[in-house]
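From first to last, the protein sequence lines are chains L and A.
Sequential numbering of the first sequence, starting at 1, is according to my numbering.
Sequential numbering of the second sequence, starting at 1001, is according to my numbering.
Glycine residues also receive a C-beta, built at the ideal position from the N, C-alpha and C atoms.
These numbers come from a predicted model, not from an experiment.
Just below is one structure, and these are the notes that go with it.
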Amino acid sequence: MPSITISGLTKRFGSTLAVRKLDMEIEDGEFVTLLGPSGCGKTTTLRCLAGLEEPDEGEILFGDRCVFSSQKGVFVPPGGRRVGLVFQSYALWPHMTVFQNVSFGLSKQRLPKEEIRKRVSEILTLLGLQGYENRYPSELSGGQQQRVALARMIVTQPEILLFDEPLSNLDAKLRMTLRAELKRLHREIGATTVYVTHDQLEALTLSTRIAVMKEGVVQQMGTPKEVYHFPENLFVAEFMSNPKTNLFPARVVEPGPPAACALAADPAVRFHLQAGPLPEEKPLVINVRPEDIEISPIAGPGLKAKVYATLPTGGECISYFRLEAGGLEVVAKGPEEEHLCLNPNQPAWLSFKRGNIFNEETGRIIASFGFLSGEGKDEG
Amino acid sequence: MAPYSILPMVNRHLVKLKRRGARLLRRPERGWGIVLALLLVVFVVIPIGYMAASSFTFDSWGPRYVRGAQPGELTTFYWQRVLTGRLARAIFWEPLLHSFLIAVLMTGIALPVGALFAWLVARTDIPFKGFWNSALIVPYIVPSWTVGLAWLTLFKNPQFGGQPGLFSSLFGSSPPTWLGYGLLPIVISLAAHYVPYTFILLRGALATVDAQLEESAEILGAGRLEVLRKITFPLVLPALGSAFVLTFGKGLGEFATQAFLGLPVRYYTLSTRVYAAFSNRQQSEGYVLTLILVLLTALTVFANQRLIGARKRYTTISGKGAFRKPVNLGRWRTPAVFLLGAFVLLFVIAPVGLIAWETFMKFEGQYSLSNFTLHYWVGAGDPLLADGQPGIFKNPVILGAIKNSVLLAGLTALASGTIGIMLGYAVVRTRGSLLSRSLEFLSFTPYMIPGIAFGGIYLSLFARSWGPLPALYGTMALLVVTCTAKYLPFSSSSGISAMHQIDPTLEEAAELHGARWGKRFVRIILPLAKSGFMSAVLLTLITTMRVLDLIVLLVTPHTRTMTSIIFRFQQQGFTQHAYGIMLLIVVITLFGHFLIRRLGGRIEF
């Protein structure tokens, strides 16, 4: 299976730049997710890989085979690229049966009829679709349609698998099951896979690497762990978090190490960090994930806050607080038993375990760190 | 049973009745629906039934054909006369053949041309798309007989009345009759009118084909032609079939073009036969012919329903179809532009230009500058020109007709707009009930009846009084009722789709605030349905402005409209006047259409 090399890829639609100067290396057999909000250029990138869109500039290599190059004037049409694509809508041909849909690509390869029949039925069995050969797509459930689309893609044994939000038309439970199936399928086939989604959970669960995109530019590319724990900029930090992550504008008061920062909203609130030295004059943003906050209903170390609301989800709980100092809103997520004892308007003490600091102007990361302590004015 | 048990029973019924009454006030859609259904029965079902029954009875002329026949007596005489009698060939079979020929040939031209245009505009990189989208549909906005009338100015033959056309004055000899009248010009003029119709239908069908269906095939290695053949074509096939049947059905019922280009050479079709029968007061014969015409058109409509059913099977989840790479026409770009340009030139610009030119000619057929005159627009009567008819803007008869047309169109538009909204409300809010289905079906019925047949039915029905209802023949009210009933399918379908877009919860929210039904309707429903209502009203307005077949049998000197006066003037040889009024109608319909587009309305009628 080939690797994919994208260099300097640019695609415009009229005057809007959908993808700008994108560089990306995808290893042989990898499962890479293009993740980002709608309009970030992820689907366009995928369509450029498929050959459905002709880029304006750049080069795309599959292994050492060039499928597109603006300089050399190479453009291999979609049919010649040995790629498979599953669309969000599945794009099953409504006027053809399941068998006709799946065998379409094989009949293009001029295989003998018997061979086609055998391979289609193998694939349908693999995907649990045996017995549905003569059904029309409109007679299948959403999950079955999705599987037919998968079958149609892999039956021709493409070297590269492309997915364009394939699970977003399914309900939550089915989505989970199919995620597991996709992961399993990728492992069995081993084809290099590029997967487009706007769902960060999907990206985290499926990928070997994630590329987070915004406005046609890759913000960060790395393993799910890297992208999740060490976001390179504010956009990635915000996009990867669910619920919305905590961002506190702050200033450096002690460059360190260990450094100390004061909240912009209330300079009396200070954090001591296992980091430094920090640039002193620039405004910063401190990012603390909801799950990196510990809560205590009894007075102790940490920042004093008032409970605003608790949202138990069964097993896990998300709680909203308002800091006494500065009046900032804080979201925390943790095991339900830690949160359940909290009632609205009750005081609670929050201590932060770890976080990231970003430059407020550029949004670039400055440091990742552990908290030594946080303290506020003693109201008592 | 012991007597004391009756009282609670009566009481229970009373409570039930009271509850029902309260519900009817709170949710009046059912009561409303029933009233509308009754109206539809009176104005649609009964007329057809009455006509069917009358076709089996002798009319007032009966005694002249059959000795001893009494008017009103039961008979199969007319059916025999039309289908198997000595004159059956001339009265029915030959016109039927002509109607079929015209419809088949016309559809055979309009469908492929419309399909090609639709594909070019919807799917390729042909330039000036916006222009083509508006220009190509103009022939469908103006009256269907515009091209037919323009055709006459070119190939008119003095042998059949009037002055020579442009052909004669250029070549000094009369053009062959087959070129000027009959099958060929009828087919071409109607095809020009219906190309935009198939174009609109198929453009819509192509737009609903998900681009990803084609891209999937491309990725699996299919070439462009193969994608077109194996994916796109099968997917739009039901729409193509539907377009064929619909166009064919409309072609069967067309009247005006057949009258202008066929009657001078006695080239009869079913629709002109219906007209002839009624205007010769051969009513029962007219009923028979009308029923057959209705039956044929209804068959095409049912065939279309089947095809639409087949299309529904093809709808699956559709994704974001936003991306669609237009097909690169390459070296075919210029020829394609020329093709569309030629159509616009020949069937939009030229006909209107010829019609306009005609109105400025003092003597017909003399194409020179010295022959230029404004006489037919603003001149006072001149006994030497057109029997002394004054110019259009000085002519009390024409001005009266313009007034009548405006009045008729305005009243019809208002009436059908209002009924459409009420019908839509009743249908949507009682969705799933028998009432809802029968309302929808009944309001659609007039679609199956060609205009000339519809006029014939109303002529016979309302020439006499019915109980409290006075004889309406000769009144403007009859014309308004006829047009409103005939255009009910359009107004009710736009009413239904407007109501579909208003979620019932919007009304329920107002109900929770204590708003009564009347207030809810005025404050919530009407404002939200406004744009749908307005475009339905305007659409009916321009359709009524240009209608001829529907009212040609019903007008009297008092209720003459612009279209009926064109028909009469054209027969009397007052060509310049007729063409001048035609030009006014063209301008009005185009302007009305422009307004609808500005309001964001649809134009599928």
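- Gly1204/A and Thr1198/A have their alpha carbons spaced roughly 10 Å apart.
- Contact between Thr43/L and Val196/L holds: their C-beta atoms lie close to 6 Å from each other, under 8 Å.
- In this structure, DSSP gives Arg289/L a state outside helix and strand, which the three-state scheme calls coil.
- If you look at Ala1578/A, you'll find it in the alpha helix (DSSP H) that goes 1575-1598.
- Residues of the segment 89-123 of chain L that bring their beta carbon within less than 7 Å of a beta carbon in chain A comprise Ser89, Tyr90, Ala91, Leu92, Trp93, Pro94, His95, Phe104, Gly105, Lys108, in sequence order.
- According to the DSSP secondary-structure assignment, Asn246/L is paired through a beta bridge with Val288/L.
- Within 8 Å of the CB of Phe87/L, the CB atoms of chain A belong to Gln1212, Glu1215, Ser1216, Gly1319, in sequence order along the chain.
- In the three-state reduction of the DSSP assignment, Met213/L falls in the strand class.
- Using a CB distance below 8 Å, no part of the segment 5-36 of chain L faces chain A.
- For the pair Val1041/A and Lys1403/A, the Cα-to-Cα distance works out to about 31 Å.
- DSSP, read as helix, strand or coil, puts Pro335/L in strand.
- Rounded to the nearest angstrom, the gap between the Cα atoms of Asn359/L and Leu92/L is 48 Å.
- Comparing alpha-carbon positions, the option among Pro301/L, Gly326/L, Glu338/L, Lys304/L lying closest to Ser319/L turns out to be Glu338/L.
- Check the Cα spacing between Val155/L and each of Ser107/L, Gly315/L, Ile4/L: the tightest is with Ser107/L.
- For Val83/L, the closest Cβ of chain A is nearer than 8 Å.
- Apart from the 5 residues on each side of it in sequence, Gly1182/A sits with its Cβ closer than 8 Å to the Cβ of Leu1261, Gly1262, Val1265, Tyr1267 in its chain, given in chain order.
- Spanning the alpha carbons of Leu1202/A and Pro1238/A requires a straight line of approximately 10 Å.
- By the criterion of a C-beta distance shorter than 8 Å, Glu1094/A is surrounded in its chain by Tyr1268, once the five residues flanking it on both sides are discounted.
- Taking every protein chain shown into account, the CB of Phe1372/A has fewer than 16 other CB atoms within 10 angstroms, so this residue is exposed.
- Taking a beta-carbon distance threshold of 8 Å, Ala1239/A does not count as an interface residue toward chain L.
- Interface annotation, Thr197/L: not in contact with chain A, CB-CB separation never under 8 Å.
- Leu1488/A and Gln219/L have their C-alpha atoms spaced approximately 58 Å apart.
- Residue nearest to Lys1250/A within the set Ser1144/A, Phe1233/A, Ser1174/A is Ser1144/A (criterion: CA-CA distance).
- The shortest C-alpha to C-alpha distance from Trp1178/A to any of Leu1152/A, Ile1200/A, Val1044/A is the one to Leu1152/A.
- When 9 Å is used as the limit between beta carbons, Ile1219/A is near these residues of chain L: Ala50, Gly51, Leu52, Pro78, Gly79, Arg81, Val83, Gly84, Leu85, Gly105, Met153, Pro158, Leu162, in chain order.
- In this structure, the straight-line span from the alpha carbon of Tyr136/L to that of Thr97/L is close to 4 Å.
- Scanning the segment 55-141 of chain L from its first residue to its last, the whole beta strand (DSSP E) runs of 3-plus residues come out as 57-62, 65-69, 83-86.
- For Leu1414/A, the closest alpha carbon among the candidates Val1337/A, Ala1536/A, Leu1469/A is that of Ala1536/A.
- Bounds of any alpha helix (DSSP H) do not take in Thr313/L, whose DSSP letter is neither H nor E.
- When C-alpha distances from Leu1541/A are compared across Ala1022/A, Thr1484/A, Gly1108/A, Asp1549/A, the shortest belongs to Thr1484/A.
- When secondary structure is reduced to three states using DSSP, Gln220/L falls in the strand class.
- Residue state for Ser15/L is assigned as coil, using DSSP reduced to three classes.
- Ranking Leu1374/A, Ala1409/A, Leu1411/A, Leu1407/A by CA distance to the CA of Lys1394/A puts Leu1374/A first.
- Considering only beta carbons, no part of the segment 1116-1139 of chain A lies closer than 9 Å to chain L.
- Proximity of Ile1308/A to chain L, defined by a Cβ-Cβ separation below 8 Å, is not satisfied.
- Secondary structure in the segment 1263-1301 of chain A: the alpha helix (DSSP H) runs of 4 residues or longer, each lying completely within the stretch, are 1270-1279 in chain order.
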